[in-house]
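Engineer:
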Amino acid sequence: MPFQGQRILPAAKHMKQLEDILNSSYEYAVFLDTHVAQLRNLYQMARSRNKQMLLHADLVQGLKNDEYAAEYLCQEIKPFGIISTRSGVIATAKKKGILAVQRVFLLDTIALEKSYALVEKTRPDYIEVLPGVVPPMIAEVSERTGIPILAGGLIRTPEDVEAALAAGATAVTTSNKQLFEHYKR
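Quick note, the sequence shown lines up with residues 689 to 873 if you use our numbering.
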């Protein structure tokens with residue numbers, strides 16, 4: 689079962705949120721904004737608490753978001769998974785055996801079609817759909833690609849979470865502490 693049935697993937701935007709996640713019952717979570725110099729220590733802390741952390745590679749300050757950066761992350765940091773909008777980063781993560789999550793933004797029909805072409809090329813392990821508050825689009829992307837979906841962005845209430853899950857999302861990524869608390873095991 690993906691993410692051991694965990695319905696929320698809490699996302700840490702700052703150190704206090706990370707501490708809350710590390711002290712929680714959640715096994716899987718996401719690092720958002722961080723600095724390249726902090727990564728090794730953050731991952732050591734997470735591993736010491738048996739946390740499986742995905743890393744949003746596009747939001748690592750001090751690191752260019754390209755294939756070389758992805759190679760560094762995979763070899764030196766060894767995250768559980770990498771999230772990125774970049775096809776080269778996703779391809780590198782997959783090649784290195786790291787869970788690859790392609791982030792796509794549902795802005796309009798043109799962006800959606802470009803995302804389908806990108807996903808066809810990269811074949812990520814998961815697609816993170818933003819905003820995650822558009823259940824019909826979650827269902828469409830899941831159906832059209834056959835790839836499991838994570839929903840993120842603008843999800844503010846348990847009803848938003850439930851709607852995303854009912855539409856076919858495997859889990860919801862969120863930095864909303866109230867949702868962490870509501871769904872903790």
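A virtual CB, placed ideally from N, CA and C, is assigned to each residue, including glycine.
Would you report the Cα separation of residue 824 and residue 848, rounded to the nearest angstrom?
Structural biologist: Looking at the two C-alpha atoms, the distance is approximately 13 Å.
Engineer: What is the DSSP secondary structure of residue 778, counted as helix, strand or coil?
Structural biologist: Looking at residue 778 - three-state DSSP - the assignment turns out to be helix.
Engineer: Between which two residues does the beta strand (DSSP E) containing residue 793 stretch?
Structural biologist: Segment 787 to 793, the beta strand (DSSP E) holding residue 793.
Engineer: In terms of alpha-carbon separation, which member of 783, 841 and 855 lies closest to residue 831?
Structural biologist: Residue 855 is the option with its Cα nearest to residue 831.
Engineer: If you draw a straight line from the alpha carbon of residue 735 to that of residue 767, how long is it in whole angstroms?
Structural biologist: Approximately 10 Å, taken between the alpha carbons.
Engineer: Kindly indicate which three-state DSSP category residue 715 falls into: helix, strand or coil?
Structural biologist: Residue state, collapsed to three classes: coil.
Engineer: Between the C-alpha atoms of residue 862 and residue 720, what's the straight-line distance to the nearest angstrom?
Structural biologist: Cα to Cα, the separation comes out at about 10 Å.
Engineer: For the putative contact between residue 718 and residue 771, defined by C-beta atoms under 8 Å, what is the C-beta separation to the nearest angstrom?
Structural biologist: Yes, they are in contact, since the Cβ atoms of residue 718 and residue 771 sit about 7 Å apart, within 8 Å.
Engineer: Cα separation between residue 746 and residue 840?
Structural biologist: The straight-line gap from Cα to Cα measures roughly 15 Å.
Engineer: For residue 874, which residues of its own chain have a beta-carbon under 6 Å away from its beta-carbon, when the five flanking residues on both sides are left out?
Structural biologist: With the chain represented from 689 up to 873, any question about residue 874 goes unanswered, as that position is not in the structure.
Engineer: Just the Cα atoms here: how many angstroms apart are residue 724 and residue 865?
Structural biologist: Straight-line Cα distance between these residues: approximately 25 Å.
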